[in-house]
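A.B. asks:
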Amino acid sequence: MEIKLKFHYKGSKTEEIQLESEWMDSKAINPLVSDMLKTGRIKDIIVMDEMGNEWTLKEFKKLMEKIEEEPRNPVIYFDGGYDREKKESGIGIVIYYDKGEEKFRVRSNAKLHELDSNNEAEYAALYNAVERLHQIGVQKTLCVIKGDAQGVLKQLAGEWPCYEETLNLWLDRIEGKIDAIGLKPSFQIISRNENKEAHKLASQALQNNIIDSHLKIDG
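Just so you know, we're using the UniProt record's numbering here: the sequence shown kicks off at 1 and counts up by one.
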């Protein structure tokens with residue numbers, strides 16, 4: 001978690017002023033605050049995260065103890081594929097997240113029969129990825145969403161309009177789920193090669209090779 005400190009400083013010959021630190025990893029807070037307090041010139045320290053939430057030092061300590069048991073730092077990869085002859089779709093999702101000092105990876109896919117295009121499969125893949133985050137217990141945090149579906153990500157970011165009613169319904173569903181679990185998403189368009197893990201899962205789904213794994217990983 002990235003945080004910054006807001007505090008009041010009063011020198012021996014200066015007026016009291018309010019200052020802010022730069023963003024830093026939350027793990028750096030304890031030694032920094034300890035040094036700051038030794039000066040005797042710092043008071044009213046407030047901790048703020050990237051979501052705009054603020055805590056006193058005591059509140060933040062309790063929060064960090066709780067966070068150690070919760071999933072955080074989620075990164076989503078998603079992809080969708082469509083077989084026009086069979087009118088079948090395959091979706092693939094990969095999620096990486098941290099919990100305590102450990103790292104986890106979710107790999108999942110599914111074959112869907114009610115979709116009408118490759119574009120719709122991309123939206124369905126992302127919706128299912130966000131739903132899976134909810135099931136894992138991820139909430140009220142930053143989330144990186146990566147994919148090679150430029151249209152989906154540009155439309156979710158509000159940079160491109162969406163004129164198709166069906167796709168607009170998917171946009172509403174995805175945005176509703178993101179809001180419901182309190183995610184603050186950042187969207188990153190990546191190449192097909194960078195998205196090959198999710199792409200392979202979507203292709204495997206079309207071949208009836210269904211995968212659903214949730215494992216602790218190294219590194």
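Quick reminder that beta carbons are idealized off the backbone N, C-alpha and C, glycines included.
Owing to the predicted nature of the structure, the values given are computational and were not obtained by experimental measurement.
To which residues of the same chain is residue 221 closer than 8 Å at the C-beta, ignoring the five residues directly before and after it?
C.D. replies: As shown, the chain starts at 1 and ends at 219. That puts residue 221 outside it, with no answer to give.
A.B. asks: Within this structure, are the beta carbons of LYS146 and ILE210 separated by less than 8 Å?
C.D. replies: No, Cβ-Cβ distance for LYS146 and ILE210 is not below 8 Å.
A.B. asks: Consult DSSP for SER213 and reduce its assignment to one of helix, strand or coil.
C.D. replies: SER213 falls in the strand class under three-state DSSP.
A.B. asks: Any beta-carbon of chain D closer than 8 Å to the one on GLN188?
C.D. replies: In the structure shown, chain D cannot be found, because there is only a single protein chain.
A.B. asks: Please report the distance separating the alpha-carbon of TRP23 from that of GLU2.
C.D. replies: Cα to Cα, TRP23 sits roughly 6 Å from GLU2.
A.B. asks: Using only alpha-carbon positions, find the residue among ALA125, ASN168, LYS10 that is nearest to GLY40.
C.D. replies: Nearest of ALA125, ASN168, LYS10 to GLY40, Cα basis: LYS10.
A.B. asks: Less than 8 Å between C-beta atoms, sequence neighbours within five positions excluded: which residues of the same chain meet that for ILE174?
C.D. replies: The answer, listed in chain order, is TYR123, LEU126, TYR127, VAL130, LEU156.
A.B. asks: For ALA110, which of helix, strand or coil comes out of DSSP?
C.D. replies: The answer is strand: DSSP assigns ALA110 an E or B state.
A.B. asks: Please classify GLU120: is it buried, with 16 or more other beta-carbons within 10 angstroms of its beta-carbon, or exposed?
C.D. replies: Result: buried.
A.B. asks: Leaving out five residues on either side along the sequence, give the residues of the same chain with a beta carbon under 6 Å from the beta carbon of LYS140.
C.D. replies: Result list for LYS140: GLY182, in chain order.
A.B. asks: Is DSSP giving THR166 helix, strand or coil here?
C.D. replies: Here THR166 sits in helix by DSSP.
A.B. asks: Drop a sphere of 10 angstroms on the beta-carbon of ASN89, count the other beta-carbons inside from all chains shown, and report buried for 16 or more, exposed for fewer.
C.D. replies: As written in the sequence, residue 89 is Ser, which differs from the Asn given in the question. Buried is the call here.
A.B. asks: Mapping DSSP to helix, strand and coil, what is GLN18?
C.D. replies: It is a strand residue.
A.B. asks: Could you compute how far the alpha carbon of residue 232 sits from the alpha carbon of GLU85?
C.D. replies: Since the first residue of the chain shown is 1 and the last is 219, residue 232 is not available in this structure.
A.B. asks: Quick check: the segment 91-107 against the segment 163-172, are at least 3 beta-carbon pairs closer than 8 Å?
C.D. replies: The segment 163-172, when compared against the segment 91-107, does not touch it at the 8 Å Cβ threshold.
A.B. asks: Could you pull the start and end residues of the alpha helix (DSSP H) that GLY151 belongs to?
C.D. replies: Segment 150-156, the alpha helix (DSSP H) holding GLY151.
A.B. asks: In the DSSP assignment, find the unbroken alpha helix (DSSP H) run with ARG132 in it and report its ends.
C.D. replies: Segment 118-136, the alpha helix (DSSP H) holding ARG132.
A.B. asks: Mind pulling the beta strand (DSSP E) runs of 3 or more residues that sit fully within the segment 15-65?
C.D. replies: Taking only runs of at least 3 residues, the beta strand (DSSP E) segments lying wholly in the segment 15-65 are 17-20, 42-49, 54-56.
A.B. asks: Decide if PRO31 is buried, meaning its Cβ has at least 16 other Cβ atoms within 10 Å, or exposed.
C.D. replies: Exposed: under 16 other Cβ atoms inside 10 Å.
A.B. asks: Does the separation of the CB atoms of ASP98 and ASN73 fall below 8 Å?
C.D. replies: Result yes, Cβ atoms of ASP98 and ASN73 sit closer than 8 Å.
A.B. asks: Less than 8 Å between the C-beta atoms of ALA205 and ASP79, yes or no?
C.D. replies: No, these two residues do not count as a Cβ contact at 8 Å.
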